[in-house]
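First up is the structure itself, then whatever we jot down about it.
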Amino acid sequence: MTSQIRCADIVRLRRYDAVCVAARQGAPVLCFFVPDTETTRHRADVSLSMCESAEAGLPPDRRVRCVGRAHGGGGQVVGRMPAPAMQRIHGMLAQEMARQAGEQEHDRGRPARR
Numbered sequence: 740m741t742s743q744i745r746c747a748d749i750v751r752l753r754r755y756d757a758v759c760v761a762a763r764q765g766a767p768v769l770c771f772f773v774p775d776t777e778t779t780r781h782r783a784d785v786s787l788s789m790c791e792s793a794e795a796g797l798p799p800d801r802r803v804r805c806v807g808r809a810h811g812g813g814g815q816v817v818g819r820m821p822a823p824a825m826q827r828i829h830g831m832l833a834q835e836m837a838r839q840a841g842e843q844e845h846d847r848g849r850p851a852r853r
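The sequence shown begins at 740 in this note's numbering and counts up by one.
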């Protein structure tokens with residue numbers, strides 16, 4: 740089932756929905772929608788406009804957490820993300836990956852804690 744998932748597809752998993760941002764070694768890379776109950780904003784969150792949400796068949800005021808995770812399990816494609824939203828998601832994903840790489844590099848340069 741995962742071979743049918745393509746970039747920009749909205750995927751329904753058991754408990755969460757996600758958007759496919761890439762495919763790596765045959766497995767989709769997903770960014771998950773932030774649950775409505777979570778009020779804390781993350782630096783990698785991208786808010787969707789009402790028009791983008793409606794076009795994708797999503798409830799209004801949805802956010803995507805742009806932290807990619809490879810997914811090997813199944814999922815059902817339930818929609819497609821509009822191109823302008825995908826451009827913003829890819830841009831934020833690239834920024835977040837660069838930030839995380841910088842943080843890891845910074846942590847490697849620190850002396851070990853005792």
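By construction, the Cβ of each residue, glycine as well, lies at the ideal position given by its N, Cα and C atoms.
Query raised in the report: Between which two residues does the beta strand (DSSP E) containing Gln834 stretch?
Result: Start at 1 with the first residue of the sequence shown, and residue 834 comes out as number 95. Gln834 -> not in any beta strand (DSSP E); alpha helix (DSSP H) instead, spanning Ala822 to Arg847.
Requested in this report: Pick out whichever of Arg847, Arg804 and Ala837 has its Cα sitting closest to the Cα of Val768.
Outcome: Here residue 768 refers to the residue found at position 29 of the sequence shown. The candidate whose alpha carbon is nearest that of Val768 is Arg804.
Query - Own chain, CB closer than 6 angstroms to Gln815, minus 5 neighbours either side, in chain order - result: Counting from 1 along the sequence shown, the entry for residue 815 is found at position 76. Answer for Gln815: Arg751, listed in chain order.
Query - Assigned secondary structure, Ala793 (DSSP; H/G/I helix, E/B strand, else coil) - result: One-based indexing of the sequence shown puts residue 793 at position 54. In this structure, Ala793 counts as helix in the three-state DSSP scheme.
Query - Buried versus exposed, by CB contacts within 10 Å (16 or more), Ala809 - result: Counting from 1 along the sequence shown, the entry for residue 809 is found at position 70. Flag for Ala809 reads exposed.
Query - When Ala793, Met789 and Val758 are compared against His829, the one with the closest alpha-carbon - result: For the purposes of this step, residue 829 is identified with residue 90 of the sequence shown, where counting begins at 1. Per the Cα distances, Val758.
Query raised in the report: With which residues is Gln815 paired in a DSSP beta bridge?
Result: Along the sequence shown, read from residue 1 onward, the residue named residue 815 stands at position 76. In the DSSP output, where bridge partners are listed per residue, Gln815 has Arg751.
Query raised in the report: Do you know offhand how far Ser788's Cα is from Thr776's?
Result: Walking along the sequence shown from the start, residue 788 turns up at place 49. Walking along the sequence shown from the start, residue 776 turns up at place 37. Distance between the alpha carbons of Ser788 and Thr776: 19 angstroms.
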